Amino acid sequence: MSHLHFSPLVRMDLHTLFDYIVKDNPVAAKGLLGELKETCRRIARFPEIGVLREDLAHDLRGFPVRNYIIFYRRRHGIRRHCHCEEP
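Going by our numbering, the letters in the sequence shown line up with residues -17 to 69, in that order.
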């Protein structure tokens, strides 16, 4: 069974993104946040789903969600850390 861990940096990224979008569209902000979290849960279950991005960093993978890319890598066995970044 995989375990998903959102690091403090990830939580801050998600909160900042939500705060930015919610000003203009609260429904869209809530939907995007849910989609990002669900995608991270899917990545935790299927870690090979993302594209390997060795050009950026060792063992780094990326997976797109709308206009964003979730970057992650394996840590401590099956635990993963997700980081969201706009391309």
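Cβ atoms here follow ideal geometry from the backbone N, Cα and C, with glycine treated the same way. All values reported here derive from a predicted model rather than from experimental measurement.
Checklist line | Extent of the continuous beta strand (DSSP E) to which residue 45 belongs | finding: 43 to 47
Next item on the list: Answer yes or no: does any C-beta atom of chain C fall closer than 8 Å to that of residue 36?
Entry: No chain C appears in this structure, which consists of one protein chain only.
Check: In this structure, does DSSP put residue 56 in helix, strand or coil?
Finding: strand
Checklist line | Per-residue burial, residue 31 [other beta carbons within 10 Å of its own, 16 or more giving buried] | finding: exposed
Check: Taking 7 Å as the cut-off, is the CB of residue 41 close to at least one heavy atom of the ligand COA?
Finding: With respect to small molecules bound, the structure shown includes none, and the ligand COA cannot be examined in it.
Notebook entry, point to check: Where do the N-terminal and C-terminal ends of the alpha helix (DSSP H) with residue 3 fall, by residue?
Noted result: -10 to 4
Margin query: Do residue 15 and residue 52 have their beta-carbon atoms positioned less than 8 Å apart in this structure?
Written below: no
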